[in-house]
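Working notes, beginning with the structure itself.
Numbering (the working numbering), first residue to last: 1 to 162.
Printed below as a string of structure tokens:
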């Protein structure tokens, strides 16, 4: 994949503003912030972006990939325009989050961690969003839906039909 020059310049400008040097341990302290910025710019973290970060921060690609794969926030696959995340923490699970996950999977015809073929929706599962009093909770982008039932899934999806 060839990176878009404008996005690449934006990322390089950000990286160049960081207090980087020859001290690899100090550079590691900038890694998560850099990955966040890169994912905001590109929408995900393709191999080419990881390589660019590796070269600039002097951190191995395997170490960068280890961080990306450890934190569920980061992804190295393109994701949909709208991120649907279903909380499956204890309170949400007890209140039926698993049924909501299954309903979204059925309606979108994808599994957890996948994006619809039209790249409109990404379906993810979170362990806790901290809104237990609203359980079960679904987040679409930055919007929080509380006390969700499987019957509400179609209505939630309709809110994002462009």
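C-beta: ideal position from N, C-alpha, C; glycine also.
Annotation: the continuous alpha helix (DSSP H) that includes residue 67 extends over 61-70. The residues 135, 136, in chain order, have a CB closer than 6 Å to that of residue 95 in the same chain once the five nearest residues on each side in sequence are set aside. Taking the Cα positions, residue 160 is about 14 Å away from residue 85.
In the structure shown, residue 137 adopts coil according to DSSP, grouped into three states. Approximately 16 Å separates the beta-carbon atoms of residue 54 and residue 41; this is outside 8 Å, ruling out the contact.
Assigned with DSSP and collapsed to three states, residue 27 falls in helix. Counting along the chain, residue 92 sits inside no beta strand (DSSP E); it lies in the alpha helix (DSSP H) bounded by residues 90-94.
One Cα belongs to residue 131, the other to residue 141, and the distance between them is close to 15 Å. Remark: three or more beta-carbon pairs, one from each stretch, lie closer than 8 Å, so the segment 100-109 and the segment 148-155 are flagged as touching. C-alpha of residue 139 to C-alpha of residue 46: approximately 25 Å in a straight line. Distance between residue 90 and residue 17, taken at the CA atoms: about 41 Å. Spatial neighbours of residue 148 in its own chain (CB-CB distance under 6 Å, excluding positions within 5 residues in sequence) are listed in chain order as 100, 136, 138. For residue 110, no alpha helix (DSSP H) segment is defined, and its DSSP state is neither H nor E. Cβ contact annotation for residue 112 (same chain, cutoff 8 Å, sequence separation greater than five): 101, 105, 123, 124, 125, in chain order.
If you look at residue 52, you'll find it in the alpha helix (DSSP H) that goes 47-57. In chain order, 135, 136, 137 place their CB closer than 7 Å to the CB of residue 92, counting only its own chain and leaving out the 5 sequence neighbours on each side. If the five residues before and after residue 51 are omitted, its C-beta is found closer than 7 Å to the C-beta atoms of 61, all from its own chain and listed in chain order.
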